[in-house]
Amino acid sequence: MVFLTEPSAQYKESFLQGLREFKREGAMQQYSVTRLSADFDTFVYRLSLERNSHILPPNIVPQMNFWLIDDDTYIGSLRISLALNDFLRRVGGHIGYQIRPSRRCRGYGRELLHLGLFKARELGLERVLVTCDEDNIGSKKVIEYNGGQFEDAVSVEGSHARKLRYWIDCTTQKDGETICPLT
Ligand SMILES: CC(C)(COP(=O)(O)OP(=O)(O)OC[C@H]1O[C@@H](n2cnc3c(N)ncnc32)[C@H](O)[C@@H]1OP(=O)(O)O)[C@@H](O)C(=O)NCCC(=O)NCCS
């Protein structure tokens with residue numbers, strides 16, 4: 000069964016395997032497998048604090064983090080920012096996501112965003128901004144599959160690719176059922 004959950008120490012081993020995969024492709028370099036492995040509970044606790052606006056610096060938007068789980072295994076991560084600041088409005092959007100490299104191209108990306116949109120609706124967001132680099136074909140397809148309405152493409156300082164900005168209506172999201180067969 001595929002579902003979204005808030006980060007939990009229950010998925011420590013498969014999260015760390017996923018993290019090793021991300022790091023091999025140069026992502027998630029801010030995390031150390033050794034350090035997380037030694038104190039996973041603190042890592043999970045810190046992620047849970049990111050939603051608490053009263054303890055965040057004024058320029059940091061509160062966000063919620065979710066993990067996609069299939070058959071008790073960590074598959075990917077999704078963040079929902081509960082508001083937009085200037086950076087998120089132009090570049091980052093309300094929702095960001097990634098599927099661990101060994102599980103890509105099996106439909107999990109589409110499913111992750113689908114479940115994330117339902118979650119966003121539960122959190123009170125009616126319309127969300129989702130963005131991707133113009134050369135990120137997989138993410139572009141994931142967004143369009145989930146009803147993304149193209150807004151515009153903006154250039155981003157320091158990036159070779161323009162950012163494509165899409166709006167998605169969360170009010171039409173049905174209960175978090177699986178939308179596509181996962182292969
Ligand atoms: C983008 C990402 C989430 C897609 O996840 P995924 O699980 O591979 O996506 P899906 O399996 O649901 O694929 C959706 C579609 O994109 C296609 N696709 C996926 N990756 C692709 C790639 N690298 N090149 C071309 N097409 C790709 C799939 O074939 C599928 O096409 P279809 O609808 O015609 O069958 C994943 O590649 C990823 O995590 N990338 C790194 C982080 C990232 O880019 N996050 C998004 C930031 S905006």
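Sequence positions in the sequence shown follow numbering that gives the first Met the number 0 and run 0 to 182.
Note that the Cβ used here is the ideal one computed from N, Cα and C, for glycine as well.
I'd like to confirm the pairing. Which residues does DSSP put opposite residue i in its beta bridges?
{"i": "Asp132", "result": "Lys162"}
{"i": "Ser80", "result": "Gln62"}
{"i": "Ile142", "result": "Looking at the DSSP assignment, Ile142 forms no beta bridge with any residue, so it has no partner."}
{"i": "Asp168", "result": "Arg126"}
Would you kindly work out how many angstroms separate the C-alpha atoms of residue i and residue j, rounded to a whole number?
{"i": "Met0", "j": "Asp69", "result": "6 Å"}
{"i": "Gly147", "j": "Asn135", "result": "15 Å"}
{"i": "Glu133", "j": "Lys118", "result": "26 Å"}
{"i": "Tyr44", "j": "Asp38", "result": "10 Å"}
{"i": "Leu122", "j": "Ala160", "result": "31 Å"}
{"i": "Leu83", "j": "His113", "result": "20 Å"}
{"i": "Ser80", "j": "Tyr30", "result": "20 Å"}
{"i": "Thr171", "j": "Arg120", "result": "9 Å"}
{"i": "Pro61", "j": "Leu181", "result": "31 Å"}
{"i": "Gly115", "j": "His93", "result": "10 Å"}
{"i": "Leu15", "j": "Phe42", "result": "12 Å"}
{"i": "Ser47", "j": "Gly137", "result": "29 Å"}
{"i": "Ser36", "j": "Pro6", "result": "14 Å"}
Would you mind reading off the limits of the beta strand (DSSP E) that contains residue i?
{"i": "Val1", "result": "Val1 to Thr4"}
{"i": "Gly95", "result": "Ile94 to Ile98"}
{"i": "Ala152", "result": "Gln148 to Val153"}
Considering only residues of the same chain and omitting the five flanking positions on each side of residue i, which have a CB-CB separation below 6 Å?
{"i": "Arg126", "result": "Trp166 and Asp168"}
{"i": "Tyr10", "result": "Tyr73"}
{"i": "Val155", "result": "Val90 and Lys162"}
{"i": "Arg102", "result": "Ile74"}
{"i": "Arg149", "result": "Strictly speaking, residue 149 in this sequence is Phe, with Arg absent from that position. Result list for Phe149: Tyr165, in chain order."}
{"i": "Arg50", "result": "Pro61 and Met63"}
For residue i, which residues in the same chain have their Cβ closer than 7 Å to its Cβ, ignoring the five residues on either side in sequence?
{"i": "Arg89", "result": "Val153"}
{"i": "Leu111", "result": "Leu67, Gly75, Leu77, Tyr96 and Ile98"}
What residue range is occupied by the uninterrupted alpha helix (DSSP H) comprising residue i?
{"i": "Glu125", "result": "First-last for Glu125: undefined, no H or E at that position."}
{"i": "Arg109", "result": "Tyr107 to Glu121"}
Output needed for residue i: all residues of its chain with C-beta closer than 8 Å, excluding positions within five of it in sequence on either side, in chain order.
{"i": "Lys22", "result": "Gln28, Tyr30 and Val32"}
Please report whether the beta-carbon of residue i lies at a distance below 9 Å from any beta-carbon of chain D.
{"i": "Lys162", "result": "Here there is only one protein chain, and chain D is not present."}
> Could you give the uninterrupted runs of the beta strand (DSSP E) lying entirely in the stretch 5 to 78, keeping only those of 3 residues or more?
Replying inline: 62 to 69
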